[in-house]
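Residue 228 in the working numbering is what sits at position 8 of the sequence shown, and the numbering runs on without skipping anything.
All residues carry an ideal CB built from backbone N, CA and C; glycine is no exception.
Comments concern the structure below.
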Amino acid sequence: MNKSICSAFAGILIFAVLIGLAFRYQSAYFLYAASIVPLVTVPFLPDIRTAQYLRAGKRSPSLRFYRTGEAAGTDPGLIIVEFAPGDILWNKHTVYFSLQDIAEARADSAEKKVSATLSVLKYDLVRHRRRKGWVGVRLAPLKERTAGLSFTLREVNRLAIRIEDIRELARPKTPAVRERKGTTIGA
Numbered sequence: 221m222n223k224s225i226c227s228a229f230a231g232i233l234i235f236a237v238l239i240g241l242a243f244r245y246q247s248a249y250f251l252y253a254a255s256i257v258p259l260v261t262v263p264f265l266p267d268i269r270t271a272q273y274l275r276a277g278k279r280s281p282s283l284r285f286y287r288t289g290e291a292a293g294t295d296p297g298l299i300i301v302e303f304a305p306g307d308i309l310w311n312k313h314t315v316y317f318s319l320q321d322i323a324e325a326r327a328d329s330a331e332k333k334v335s336a337t338l339s340v341l342k343y344d345l346v347r348h349r350r351r352k353g354w355v356g357v358r359l360a361p362l363k364e365r366t367a368g369l370s371f372t373l374r375e376v377n378r379l380a381i382r383i384e385d386i387r388e389l390a391r392p393k394t395p396a397v398r399e400r401k402g403t404t405i406g407a
């Protein structure tokens, strides 16, 4: 079991035991102790899932990640996330995918299929806080951009992301340099 779920069950059990002891012995001290247990337990409760994680594999055969372009330095290169309509839950805040799942474009990837593709801008991309090599796409800006288009979100089956935007996101952030009264502070 997950640590957060175990700690939640332990917190509920301790709370119930302390309330029972407070009732049994008519003790305010047990009641005070029971009132502190939720304060300690809440930070360990599992989060409500506001993100969706995409993995190519047996579970989702229609989901594919591949890269195109970057030929002769003229093309900027794209990462294409291809999925069946309905695979992405558009009510979530962010959809994450692993950069390790991306393969080179195959011949069957280049087939001309009828598809509705959304372009992902660099401002839509976020790095995952804990997982290295995972990139997220914020869905709210994509929903806003499709409002004026001739297709709906249910018809979208591809996301196109510039490789340069992902590289820029992957670069380590440099510390900010501030100037105060002519002196440089920081790195």
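Delimiting residues of the beta strand (DSSP E) encompassing residue i
{"i": "residue 408", "result": "This structure gives no information on residue 408, because the portion of the chain shown stretches from 221 to 407."}
{"i": "residue 302", "result": "298-302"}
{"i": "residue 356", "result": "354-358"}
{"i": "residue 345", "result": "345-347"}
{"i": "residue 276", "result": "Where residue 276 is concerned, there is no enclosing beta strand (DSSP E), given that its DSSP letter is neither H nor E."}
{"i": "residue 317", "result": "314-318"}
Cβ neighbours of residue i in the same chain (closer than 8 Å, five flanking residues each side left out)
{"i": "residue 360", "result": "313"}
{"i": "residue 376", "result": "305, 308, 336, 337, 338 and 366"}
{"i": "residue 287", "result": "297, 298, 299, 300, 322, 323, 324, 325 and 383"}
{"i": "residue 386", "result": "299, 319, 345 and 355"}
{"i": "residue 388", "result": "342"}
{"i": "residue 248", "result": "242"}
Neighbourhood of residue i by C-beta, 6 Å cutoff - its chain only, sequence neighbours within 5 removed
{"i": "residue 230", "result": "none"}
{"i": "residue 354", "result": "316, 318 and 348"}
{"i": "residue 302", "result": "284 and 378"}
{"i": "residue 381", "result": "299 and 340"}
Range covered by the alpha helix (DSSP H) that runs through residue i
{"i": "residue 389", "result": "383-390"}
Backbone secondary structure at residue i - three-state DSSP
{"i": "residue 283", "result": "coil"}
{"i": "residue 369", "result": "coil"}
{"i": "residue 237", "result": "helix"}
{"i": "residue 378", "result": "strand"}
{"i": "residue 433", "result": "For the chain, the structure presents residues 221 to 407; residue 433 sits outside this window and is missing."}
{"i": "residue 309", "result": "coil"}
{"i": "residue 335", "result": "coil"}
Neighbourhood of residue i by C-beta, 7 Å cutoff - its chain only, sequence neighbours within 5 removed
{"i": "residue 238", "result": "250, 253, 254 and 257"}
{"i": "residue 226", "result": "none"}
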